[in-house]
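Colleague: First the structure, which I've put down as structure tokens, then a few questions once you've had a look.
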Ligand code: RIB
Ligand code: CA
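Residue numbers (the working numbering): 147 to 463.
Here it is in structure tokens:
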């Protein structure tokens, strides 16, 4: 079966790094490109990290740097206490050898999606600023994207930055509201499901055993993330936000969805809150409201267990 073309818009970030290596390792996916955004780190660092992940996996794909700041509000300080100073836990001085695509993310997205009209699934797993800028720059793009699978929001559950807001929507609520209100198909993989996908640390030691190169890196960086969650939820686990969005592309059957028009509150105490919209003119979003966590774990581990084999195939081809 032909691999599904995707572009991941990302703020790497530990769970972003896992999701990107998961996509590189999954033969059902073809990663056409990575576009970067601020969020877990500043966008310059996100671009270095994305280039570095592609080099680490010997995966040839474009990397295009995105917006420096949110559409309207001031930028929030990156969550270094969650993902580490440079986004990969205690790893520092990340120096990729490749350079990014000269185009800014929204222009790269418009041109690349149009060159592959109807074929690309856009998978944002960070703040949605680049995607909102894409809509402003090229409104007709909604007719050329196959669909979006977005990690973000918290519709029927509390947020993770405030009790209302999930981090990606909190970091640019105006962008999130614009993207959710556009006329395209969205699968929204939010905290409603990702907060329940908690993998214990032995998952990562098993992956590292099976794939010492890629799995070993993931094991190393997720130690910092597990230490953070141990303080938050009192267990040595990783919340698998971004990997869940990638699973929802090829393994959509392990999720259950509910269709609701959504909007995002852009100011005040509830800023970043994703709510069911009264505006019935808004196209409904497919909101993931349930997930088979065991199936998610099995699929994630099976994909990452052969990450080094996939690497060897690319290097020896
Ligand atoms: O709220 C979780 C999301 O915010 C994830 O995408 C994580 O990487 C951060 O970007
Ligand atoms: Ca992310």
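The beta-carbon is built from N, C-alpha and C at its ideal position, and this holds for glycine as well.
Please list, in chain order, all residues of the same chain as residue 363 whose beta carbon is under 7 Å from its beta carbon, the five residues on each side excluded.
Modeller: 202
Colleague: Please classify residue 191 as buried or exposed, where buried requires at least 16 other C-beta atoms within 10 Å of its C-beta.
Modeller: buried
Colleague: Pick helix, strand or coil for residue 261, following the three-state DSSP scheme.
Modeller: helix
Colleague: Thinking C-beta only, is residue 368 closer than 7 Å to residue 160?
Modeller: yes
Colleague: For a test of the three-state rule: what should DSSP assign to residue 306, helix, strand or coil?
Modeller: coil
Colleague: Note down, in chain order, each residue of its chain lying with its Cβ closer than 6 Å to the Cβ of residue 371, except the 5 sequence neighbours on either side.
Modeller: Excluding residues within five positions, the ones whose Cβ falls inside 6 Å are 160, 384.
Colleague: Can the beta-carbon of residue 187 be found closer than 7 Å to that of residue 216?
Modeller: no
Colleague: From what residue to what residue does the alpha helix (DSSP H) around residue 361 run?
Modeller: 360 to 379
Colleague: On the criterion of 16 or more Cβ atoms from any shown chain inside 10 Å, does residue 246 qualify as buried, or is it exposed?
Modeller: buried
Colleague: Can you give the Cα-Cα distance for residue 403 and residue 336, rounded to whole angstroms?
Modeller: 11 Å
Colleague: Distance check for residue 389 and residue 196, CA to CA, integer angstroms please.
Modeller: 15 Å
Colleague: Taking contact to mean 3 or more Cβ pairs, one atom from each stretch, closer than 8 Å, check whether the stretch 311 to 327 and the stretch 265 to 283 are in contact.
Modeller: yes
Colleague: Roughly how many angstroms separate the alpha carbons of residue 373 and residue 430, rounded to a whole number?
Modeller: 37 Å
Colleague: Is the stretch 158 to 174 close to the stretch 445 to 456, with three or more CB pairs under 8 Å?
Modeller: yes
Colleague: Within its chain, find whatever has a CB closer than 7 Å to the CB of residue 279; leave out the 5 residues flanking it on each side and keep chain order.
Modeller: 213, 252
Colleague: Report buried or exposed for residue 269, applying the criterion of at least 16 other Cβ atoms within 10 angstroms of its Cβ.
Modeller: buried
Colleague: For ligand 1, which residues count as neighbours when the test is a C-beta closer than 6 Å to any heavy atom?
Modeller: 157, 159, 161, 162, 185, 186, 271, 272, 297, 306, 312, 313, 314, 387, 388
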